[in-house]
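In the working numbering, the protein residues as written are 5 to 87.
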């Protein structure tokens with residue numbers, strides 16, 4: 005996000021997060037495109053979470069909230085494409 009890359013987000017404490025409708029399919033899609041997985045899908049009380057690395061090794065958190073109506077929170081997106 006800057007003109008000069010100075011270390012990774014692990015060193016700098018930066019994480020970017022996205023809500024997704026289906027974190028498992030999002031991670032599978034990213035794996036198929038060669039994206040590095042920092043932490044695979046983990047189920048938590050509030051939903052499922054995974055963390056991937058961007059090309060500069062910045063952490064990108066993907067979160068699938070637990071809702072009866074996920075479209076309410078994710079605007080109808082499942083993975084990275086509209087349902």
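For glycine and all other residues, C-beta sits at the position ideal for the given N, C-alpha and C.
Pair within 7 Å by beta-carbon distance, residue 66 and residue 39: As a working mapping, residue 66 is identified with position 62 in the chain shown. As a working mapping, residue 39 is identified with position 35 in the chain shown. No.
Close-in-space but distant-in-sequence residues of the same chain around residue 21 (CB under 8 Å, 5 per side omitted): Start at 1 with the first residue of the chain shown, and residue 21 comes out as number 17. Result list for residue 21: 64, 65, 66, 67, in chain order.
Member of 47, 49, 42, 46 whose CA lies at the smallest distance from the CA of residue 55: As a working mapping, residue 55 is identified with position 51 in the chain shown. Looking at the Cα atoms, 42 is the closest of the given residues.
Where residue 50 falls, given that 16 or more other Cβ within 10 Å makes a residue buried: Counted from its first residue, the chain shown places residue 50 at position 46. Label assigned to residue 50: exposed.
Beta strand (DSSP E) segment containing residue 52, residue limits: The sequence position of residue 52 within the chain shown is 48, counting from 1. Residue 52 -> beta strand (DSSP E) spans 51-57.
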